[in-house]
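Notes follow the structure.
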Amino acid sequence: MALPTLRIIGFILGIFLITLAVSMLIPMLTLWLYGRSDDLSAFGWAALLTGGVGAALVIPGRPANVQLRPRDMYFLTTMSWLVVCFFAALPLMMIHHISYTDAFFETMSGITTTGATVLSGLDDSSPGLLIWRSLLQWLGGIGFIGMAIAILPLLRVGGMRLFQTESSDWSEKIMPRSHVVGRYLLAIYVGFTAMAIPAFLFAGMNLFDAINHAFTSVATGGFSTSDASMGNFSPASHWVAMFFMILGSLPFTLYVATLRGNHLALASDAQVRGFLKIIVGTSLLFSLWYALTNDVAPLDALRIVSFSVISVVSTTGFAVSDYTLWGDFAFMAFFYLTFIGGCSGSTAGGLKVFRFQVAYSLLRANLKQMVHPRAVIRQQYNGHTLDEEIVRSILTFSFFFTMTIALLALSLSLLGLDPITALTGAATAVCNVGPGLGQIIGPAGTFGPLPDAAKWLLAIGMLLGRLEIITVLVLLTSTFWKH
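Numbering (my numbering), first residue to last: 12 to 494.
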């Protein structure tokens, strides 16, 4: 890359690091309020180091008349997540006295809103550490929304062009300028978080727990302040969490459109309808099965099952019950649900609902073509024509998504992990869900017992899944690095 390009990338990374350093003031304030001065120095030194590096990158200034090309955006997107994770891990290592491997894994899980954790004893952990984990997920959630809306469509990643300015979500000219759009998105995100805090308070949580869970439910992240996750809190809080997990899983551009006067934006969107149908249909059928096979009241069965389904499909990762103990049917069902994910342009991960819908549309069109070989069948999704580039992009993404999970699972098995832990660990990392299945990394366990090499592989899997695979893989090609 040319020196001016590297300078502007460094300038942007510096801004991210300064923002991260300023964010460390929140856990420092929390520690001061709780009288935990012993942990203040960890965040203080981490903030100074992070802010110092950020300032060093920003001070030279931004080169004039330099535009980032798509290939530069691939590099910037990947590096921004890696650099932020590198520095955000420092307080975790100094406070919890864990290895940098564990700290980086926890931070990557937080920034990517995966929710997998290596920590235990959360009920007695430092309040500064807990709020920092939740804040990382909150920052990662709004960061991914911005990336999914502004960057990935321009890079033609995984069919995301369906949602770029000229194609879908923006075709109604939601806002005239991107910076205005960004302000609307941030206002909506902050608004949802502000709504969630009093809702959790009303459901019985104390203020600290309410703030943490507001951060992580809207971000569909899944970090909790208790080892028992949401199982440690009241049934009312479960319903509140379900509501905000769903809100975080819907396209934020459609919220903007609704605010701008298009009140049917959400109701008329095929992706939103498909996502809600999956949630409602699966929850009702599964609740009926759970109530009939267990001595549980129907309303409790509906709450427990619906929460688990929404948590997995939205890739949040909260838990109220260890669903791996419900039997083999539940085990397989939740493994399948791991892959679905939320809507494009949301905080959720996974394959995304729109890709399943496009695949179904293509299958239906091909079956019609077989019956009527001479017919001209238009392939559409959500009112927009599916051109060859979009179809090719979705097929490419889906293939590499599957291969990434397969290769990651194989690599984990080479490290000595049992097949269930290896396969579900790989799937939950790439899909950014959080807990896997089995006794070790299931909803009742943690990733702490895994070897360090496995944690680094899973951290890479989280990054790949969050950045839609292709964004990172393109950096590994020789063509990218040629002048």
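Glycine is no exception: its CB is placed at the ideal position from the N, C-alpha and C atoms.
**Message:** Can you look up T482 in the DSSP assignment and give me helix, strand or coil?
**Reply:** Residue 482 sits at position 471 when you count from the first residue of the sequence shown. Residue state, collapsed to three classes: helix.
**Asked** Could you give the uninterrupted runs of the alpha helix (DSSP H) lying entirely in the stretch 338-399, keeping only those of 4 residues or more?
**Response** 339-348, 364-382
**Asked** Would you call the CB atoms of M206 and F329 closer than 9 Å?
**Response** Reading the sequence shown from its first residue, position 195 is the one you call residue 206. Reading the sequence shown from its first residue, position 318 is the one you call residue 329. No, the Cβ-Cβ distance between M206 and F329 is not below 9 Å.
**Message:** On the criterion of 16 or more Cβ atoms from any shown chain inside 10 Å, does M7 qualify as buried, or is it exposed?
**Reply:** Given that the chain is displayed from residue 12 to residue 494, the structure contains no residue 7 and the question cannot be resolved.
**Message:** Taking its Cβ as the centre, do 16 or more other Cβ atoms sit within 10 Å of V387, making it buried, or is it exposed?
**Reply:** Working through the sequence shown from its first residue, we reach residue 387 at position 376. Exposed, since its Cβ has fewer than 16 Cβ neighbours within 10 Å.
**Asked** In whole angstroms, what separates the C-alpha of T407 from that of M414?
**Response** Locating residue 407 in the sequence shown gives position 396, counting from the first residue. Locating residue 414 in the sequence shown gives position 403, counting from the first residue. The alpha-carbon atoms of T407 and M414 are separated by roughly 11 Å.
**Request:** Taking Q282 as part of the alpha helix (DSSP H), name the residues at either end of that continuous run.
**Result:** Start at 1 with the first residue of the sequence shown, and residue 282 comes out as number 271. Counting along the chain, the alpha helix (DSSP H) containing Q282 begins and ends at 281-304.
**Prompt:** Exposed or buried, what is S131 when buried is set at 16 or more other beta-carbons lying within 10 Å of its beta-carbon?
**Reply:** As a working mapping, residue 131 is identified with position 120 in the sequence shown. Its Cβ having fewer than 16 others within 10 Å, S131 is exposed.
**Asked** Quick one: is Y371 buried, meaning 16 or more other Cβ sit within 10 Å of its Cβ, or exposed?
**Response** In the sequence shown, the residue the question calls residue 371 occupies position 360. Exposed, since its Cβ has fewer than 16 Cβ neighbours within 10 Å.
**Prompt:** Between Q368 and Y392, what straight-line distance do the alpha-carbon atoms span, to the nearest angstrom?
**Reply:** Residue mapping note: residue 368 aligns to position 357 of the sequence shown, counting from 1. Residue mapping note: residue 392 aligns to position 381 of the sequence shown, counting from 1. Roughly 8 Å separates the two Cα atoms.
**Item:** Nearest neighbour of L103, chosen from P138, L79, T88 [CA to CA]
**Value:** By one-based count along the sequence shown, residue 103 stands at place 92. When each option's Cα is compared against that of L103, the closest is P138.
**Message:** Could you check whether G152 and V229 sit closer than 9 Å to each other, using their CB atoms as the reference points?
**Reply:** Against the sequence shown, residue 229 aligns to sequence position 218. Against the sequence shown, residue 152 aligns to sequence position 141. Result yes, Cβ atoms of V229 and G152 sit closer than 9 Å.
**Prompt:** Thinking C-alpha only, which one of N223, A198, L197, L196 is nearest P5?
**Reply:** The structure shown does not extend to residue 5, since the chain is modelled only from 12 through 494, so no value can be given for it.
**Item:** Neighbourhood of L348 by C-beta, 8 Å cutoff - its chain only, sequence neighbours within 5 removed
**Value:** The residue given as residue 348 occupies position 337 in the sequence shown. So the qualifying residues of the chain are T293, V320, V323, V324.
**Request:** Express the C-alpha separation of D134 and G338 in angstroms, rounding to a whole number.
**Result:** If you number the sequence shown from 1, residue 338 lands on position 327. If you number the sequence shown from 1, residue 134 lands on position 123. Going from the Cα of G338 to the Cα of D134 covers about 29 Å.
**Item:** Euclidean distance between Cα positions of Y111 and T124
**Value:** In the sequence shown, the residue the question calls residue 111 occupies position 100. In the sequence shown, the residue the question calls residue 124 occupies position 113. Y111 and T124: Cα-Cα distance of roughly 19 Å.
**Prompt:** Using DSSP with H/G/I as helix, E/B as strand and the rest coil, what is M216?
**Reply:** Within the sequence shown, residue 216 is the residue found at index 205, counting from 1. In the structure shown, M216 sits in coil (DSSP, three-state: anything other than H, G, I, E or B).
**Asked** What is the rounded straight-line gap between the Cα of G453 and the Cα of P460?
**Response** Start at 1 with the first residue of the sequence shown, and residue 453 comes out as number 442. Start at 1 with the first residue of the sequence shown, and residue 460 comes out as number 449. Distance between the alpha carbons of G453 and P460: 12 Å.
**Prompt:** Could you give the C-beta distance for G121 and V69, rounded to a whole number, given that I count them as a contact under 8 Å?
**Reply:** If you number the sequence shown from 1, residue 121 lands on position 110. If you number the sequence shown from 1, residue 69 lands on position 58. Rounded, the Cβ-Cβ distance is 24 Å, inconsistent with contact.
**Sequence-distant residues of its chain with Cβ nearer than 7 Å to L218 (five each side left out)** = Within the sequence shown, residue 218 is the residue found at index 207, counting from 1. Taken in chain order, the residues that qualify are L212.
**Asked** CB-CB under 7 Å to G193, same chain, minus the five flanking residues each way: which ones, in chain order?
**Response** Start at 1 with the first residue of the sequence shown, and residue 193 comes out as number 182. So the list reads G157, once near-sequence residues are dropped.
**Prompt:** Just the Cα atoms here: how many angstroms apart are A302 and L296?
**Reply:** For the purposes of this step, residue 302 is taken as the residue at position 291 of the sequence shown. For the purposes of this step, residue 296 is taken as the residue at position 285 of the sequence shown. Each residue's alpha carbon lies about 10 Å from the other.
**Asked** Which residues in the same chain have their Cβ closer than 6 Å to the Cβ of I416, if we skip the five residues on either side of it in sequence?
**Response** As a first step, residue 416 is located in the sequence shown; it is residue number 405 there, counting from the start. Taken in chain order, the residues that qualify are A437, A438, V441.
**Message:** Just to check my reading of the structure: P71 and R18 have Cβ atoms closer than 8 Å, yes? What is that Cβ distance to the nearest angstrom?
**Reply:** In the sequence shown, the residue the question calls residue 71 occupies position 60. In the sequence shown, the residue the question calls residue 18 occupies position 7. Rounded, the Cβ-Cβ distance is 7 Å, consistent with contact.
**Request:** Could you have a look at T264 and say whether DSSP puts it in helix, strand or coil?
**Result:** Against the sequence shown, residue 264 aligns to sequence position 253. It is helical.
**Asked** Does the Cβ of L487 have 16 or more other Cβ atoms within 10 Å, making it buried, or fewer, making it exposed?
**Response** Position 476 of the sequence shown, counted from the first residue, corresponds to residue 487. Per the 10 Å Cβ criterion, exposed.
**Asked** Just checking my contact of T327 with G126 at CB under 8 Å: how many whole Å lie between their CB atoms?
**Response** Within the sequence shown, numbered from 1, the residue matching residue 327 stands at position 316. Within the sequence shown, numbered from 1, the residue matching residue 126 stands at position 115. 7 Å between Cβ atoms; contact.
**Item:** Rounded C-alpha distance that separates A75 from L14
**Value:** Here residue 75 refers to the residue found at position 64 when the sequence shown is read from its first residue. Here residue 14 refers to the residue found at position 3 when the sequence shown is read from its first residue. In a straight line, the C-alpha of A75 is about 13 Å away from that of L14.
**Asked** Whole-angstrom Cβ separation of L423 and A376, contact assumed at under 8 Å?
**Response** As a first step, residue 423 is located in the sequence shown; it is residue number 412 there, counting from the start. As a first step, residue 376 is located in the sequence shown; it is residue number 365 there, counting from the start. About 38 Å separates the two Cβ atoms, so there is no contact after all.
**Prompt:** Going along the chain, which residues of its own chain have a beta-carbon closer than 8 Å to the beta-carbon of Q390, five neighbours each way excluded?
**Reply:** Within the sequence shown, residue 390 is the residue found at index 379, counting from 1. Here the set comprises S372, L373, A376, T396, L397, V402.
**Item:** Exposure of K184, with buried meaning 16 or more beta-carbon neighbours within 10 Å
**Value:** Looking up residue 184 in the sequence shown gives position 173. Unreliable positioning characterises K184 in this predicted model, as indicated by a pLDDT of 42, which lies under 50. The coordinate reading is nonetheless provided below. Exposed, because fewer than 16 other Cβ atoms sit within 10 Å of the Cβ of K184.
**Asked** So, do the stretch 464-482 and the stretch 79-99 have three or more beta carbon pairs nearer to each other than 8 Å?
**Response** yes
**Collapsed DSSP secondary structure at N76 in the structure displayed** = Taking the sequence shown and counting its residues from 1, one reaches residue 76 at position 65. Of the three classes helix, strand and coil, the one that applies to N76 here is coil, per DSSP.
**Item:** Three-state secondary structure (DSSP) of S120
**Value:** The residue labelled residue 120 in the question sits at position 109 within the sequence shown. Helix.
**Prompt:** Buried or exposed: where does A99 fall if 16 or more other Cβ atoms within 10 Å of its Cβ makes it buried?
**Reply:** In the sequence shown, counting from the first residue as 1, residue 99 sits at position 88. Answer is buried; the Cβ neighbour count reaches 16.
**Request:** Whole angstroms is fine: what's the gap from I405's alpha carbon to W149's?
**Result:** Taking the first residue of the sequence shown as position 1, residue 405 is located at position 394. Taking the first residue of the sequence shown as position 1, residue 149 is located at position 138. Looking at the two C-alpha atoms, the distance is approximately 28 Å.
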